[in-house]
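Written out below as structure tokens is the structure these notes cover.
Residue numbers (my numbering): -5 to 264.
Below, the structure written as structure tokens:
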């Protein structure tokens, strides 16, 4: 049974999203490694969807050229990762950036063969089908997925998904002095905006609460999808409601993307 795993907050309210451009699919894994190791994210990455790895392993065993160095290394990483899967547990397992790099570089280099073989075709989950019924929506694997059309991450189809990670930003105290100053300025601006709606019901003022929030866990997701036209999208979401820190997330994502040498865009989900 297909199962996506989530570690962190409940997705039941407003979210925000980002999307990264993939200019060279053959180097997609290197792109993602540079992004994740840019210094803005906690170096613990949780695999939230396991089935793509099992399917990719089977594809390589059946059709892959094991004399090819990248193919052989990718299969090795897949076997090690799959050996850690526990079907009895709902706790997501961790994955290293070198495994991510090799697997995604392989997928990028063999995207058309993988697309033709429908390796990453996934039907909507039972929970998703129930959600779709509420607004009379139907999804057929193989269709283009526009993630911005979906209010909740739980609704987004898994079709085409190669990698689905749970990640987290580092605390503001781990940023450079200049970046920390910028982060605090963003938090104070948010606090002032919140003050215009009235102060908190108890405890510190909004300004202090926003500053304290910079030291709290800030999880987000990262999803790599193979599209029907053999292109890729790298996307993700985070909970915006209750945090009101879109500007801060956007700031860190832009910094990470710049270090990785890629373009990124963030937007709130209406």
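Beta carbons are placed, not taken as given, at the ideal position from N, Cα and C, and that holds for glycine.
Bear in mind the structure is a predicted one, so any value in this text is a computation, not a measurement.
Beta-bridge partners of residue i, as assigned by DSSP
i, result
"residue 258", "14"
"residue 40", "88 and 160"
"residue 231", "11"
"residue 35", "163"
"residue 125", "Bridge partners of residue 125: none, in fact."
"residue 215", "160"
"residue 101", "Looking at the DSSP assignment, residue 101 forms no beta bridge with any residue, so it has no partner."
"residue 26", "According to DSSP, which records beta bridges pairwise, residue 26 is partnered with nothing at all."
"residue 155", "219"
"residue 226", "220"
For residue j and residue i, the rounded distance between their alpha carbons
i, j, result
"residue 256", "residue 14", "7 angstroms"
"residue 91", "residue 27", "6 angstroms"
"residue 4", "residue 230", "Unreliable placement is indicated for residue 4, whose pLDDT of 35 sits below 50; the coordinate value is still reported in the next sentence. Taking the straight line from one Cα to the other gives about 15 angstroms."
"residue 25", "residue 102", "11 angstroms"
"residue 50", "residue 240", "35 angstroms"
"residue 211", "residue 232", "12 angstroms"
"residue 216", "residue 185", "28 angstroms"
"residue 224", "residue 128", "31 angstroms"
"residue 41", "residue 179", "33 angstroms"
"residue 66", "residue 166", "40 angstroms"
"residue 85", "residue 259", "30 angstroms"
"residue 63", "residue 96", "10 angstroms"
"residue 54", "residue 109", "14 angstroms"
"residue 261", "residue 9", "9 angstroms"
"residue 74", "residue 203", "43 angstroms"
"residue 183", "residue 242", "11 angstroms"
"residue 173", "residue 214", "20 angstroms"
"residue 221", "residue 70", "26 angstroms"
"residue 94", "residue 170", "27 angstroms"
"residue 135", "residue 46", "14 angstroms"
"residue 177", "residue 200", "15 angstroms"
"residue 140", "residue 123", "17 angstroms"
"residue 0", "residue 263", "Because residue 0 sits at a pLDDT of 34, beneath the cut-off of 50, its placement in the model cannot be relied upon, and the following sentence gives the value as read from the coordinates. So the two alpha carbons sit approximately 19 angstroms from each other."
"residue 246", "residue 252", "10 angstroms"
"residue 147", "residue 131", "16 angstroms"
"residue 79", "residue 188", "44 angstroms"
"residue 205", "residue 168", "14 angstroms"
"residue 248", "residue 37", "18 angstroms"
"residue 133", "residue 113", "18 angstroms"
"residue 107", "residue 17", "19 angstroms"
"residue 149", "residue 234", "17 angstroms"
Residue i: CB within 7 angstroms of a non-hydrogen atom of the ligand COA
i, result
"residue 240", "You won't find the ligand COA in this model; it holds no ligand whatsoever."
Residue closest to residue i, alpha-carbon to alpha-carbon, out of the options
i, options, result
"residue 218", "99, 164, 155 and 59", "155"
"residue 88", "162, 185 and 179", "162"
"residue 48", "180, 127, 153 and 76", "76"
"residue 226", "263, 61 and 23", "23"
"residue 115", "30, 248 and 152", "152"
"residue 12", "142, 19, 60 and 105", "142"
"residue 208", "171, 164 and 228", "164"
"residue 81", "43, 132, 221 and 133", "43"
"residue 19", "72, 69, 98 and 29", "98"
"residue 30", "105, 228 and 124", "228"
"residue 100", "250, 59 and 188", "59"
"residue 56", "35, 38 and 111", "111"
"residue 160", "17, 35, 21 and 16", "35"
"residue 39", "168, 149 and 157", "157"
"residue 21", "105, 244, 52 and 72", "105"
Expected contact under 8 angstroms - CB spacing of residue i and residue j to nearest Å
i, j, result
"residue 120", "residue 126", "Not confirmed; about 11 angstroms, so no contact."
"residue 32", "residue 254", "6 angstroms"
| Complete alpha helix (DSSP H) runs within the segment 63 to 97 (minimum length 4 residues, chain order) | 63 to 77
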